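Numbers given in the numbering used here equal positions in the sequence shown, counted from 1, plus 1. Notes for the one structure printed next.
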Amino acid sequence: MKKIFAIPLVAIFAGCATSNTNLPTQAGVDLGKYVGTWYEQARLPNRFQKDCASDVQADYKLNTDNTISVTNRCQTQGGGTEVAEGAGRLSNSVDPRDPAILQVRFAPKWTSWLPMVWGDYWILRLEGDYRYSLVGTPDRKYLWVLSRDKQADQTTVDALLEYAETLGFPVDEVKKTAQ
2 MKKIFAIPLV AIFAGCATSN TNLPTQAGVD LGKYVGTWYE QARLPNRFQK DCASDVQADY
62 KLNTDNTISV TNRCQTQGGG TEVAEGAGRL SNSVDPRDPA ILQVRFAPKW TSWLPMVWGD
122 YWILRLEGDY RYSLVGTPDR KYLWVLSRDK QADQTTVDAL LEYAETLGFP VDEVKKTAQ
C-alpha cells in the first residue's frame with residue numbers, strides 16, 4: 002500500500018515559509034542542473050519521514066512555467082513504499098528571487114494560495130558539480146544531505162555535515178540513511 006510522505010521540497014504544515022535570511026545559500030544555482038534524481042544520505046529526523054527506513058529518493062523535474070514537480074519515495078520498515086507528489090517554486094520571501102531559495106508544497110494545488118502550505122527548501126551548498134547537495138531551512142529544524150548516487154562518498158557527506166554545523170544546525174541529531 003502506498004502512503005504519502007514528504008522529504009526535501011517538503012515542510013508542509015511545518016508553518017509557512019519564513020523571511021529569515023540569515024542563512025547563507027549556494028551562489029549561482031542552476032535549477033536546470035539541479036533537477037533529476039537525488040538520494041538522501043542523511044537527515045535531521047522529522048515527523049513526515051518517521052516511517053522511512055531506507056531507499057529515500059527525490060525526483061525533481063523543471064516545468065515550462067519554471068515550477069518544479071517533485072516525487073519523493075522511500076521504503077518503510079515493513080517493506081512498503083511511501084510516495085509524495087509535490088511542487089516547488091522560487092521563494093517569494095526574497096527580492097530579487099534566488100534559485101537557491103525555494104518553497105515547496107505537498108498540499109493539493111487548490112491550496113497553493115495559502116502561505117502556510119509552502120515550506121522552505123534552501124540549497125545551502127553544492128559539491129562536485131551538482132553531485133552533492135546540502136539542503137536546509139532557515140529555522141535550522143530541517144536538514145538533508147543528498148547525492149546523485151545511492152552510495153555516496155562518506156568524506157563528502159561528512160564535510161557537508163561539518164559545514165551545516167558551522168551554520169548552527171544540530172548535526173549531532175542527524176541520522177544516516179540506508180540506501
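Think of the CB as a built atom: it goes at the ideal place given N, C-alpha and C, for glycine as much as any other residue. In this text the structure is predicted, and so the values were computed from the model without any measurement.
Cα-Cα separation between residue i and residue j, rounded to whole angstroms
{"i": "D99", "j": "S92", "result": "7 Å"}
{"i": "V172", "j": "D66", "result": "36 Å"}
{"i": "E174", "j": "T138", "result": "15 Å"}
{"i": "R126", "j": "Q180", "result": "22 Å"}
{"i": "L45", "j": "L144", "result": "5 Å"}
{"i": "W119", "j": "L147", "result": "21 Å"}
{"i": "G81", "j": "D31", "result": "34 Å"}
{"i": "G87", "j": "Q152", "result": "25 Å"}
{"i": "E166", "j": "V95", "result": "24 Å"}
{"i": "F14", "j": "F107", "result": "With a pLDDT of 32 at F14, under the threshold of 50, the predicted position of this residue should be treated as unreliable, and no value is reported."}
{"i": "L162", "j": "S113", "result": "32 Å"}
{"i": "Q155", "j": "V105", "result": "28 Å"}
Proximity test, residue i beta-carbon vs the ligand NAP heavy atom, cut-off 7 Å
{"i": "S55", "result": "As far as ligands go, the structure on display features none, and thus does not contain the ligand NAP."}
Range covered by the beta strand (DSSP E) that runs through residue i
{"i": "L32", "result": "Where L32 is concerned, there is no enclosing beta strand (DSSP E), although the alpha helix (DSSP H) it sits in stretches over L32 to Y35."}
The alpha helix (DSSP H) enclosing residue i, as first and last residue numbers
{"i": "D159", "result": "Q155 to T167"}
Given residue i as reference, the closest of the options once Cα atoms are compared
{"i": "I69", "options": "T38, Y133, K151 and R141", "result": "T38"}
{"i": "N64", "options": "V36, Q50, A43 and A85", "result": "V36"}
Counting Cβ pairs, one atom from each stretch, are 3 or more of them under 8 Å apart for the stretch 47-58 and the stretch 76-89?
-> yes
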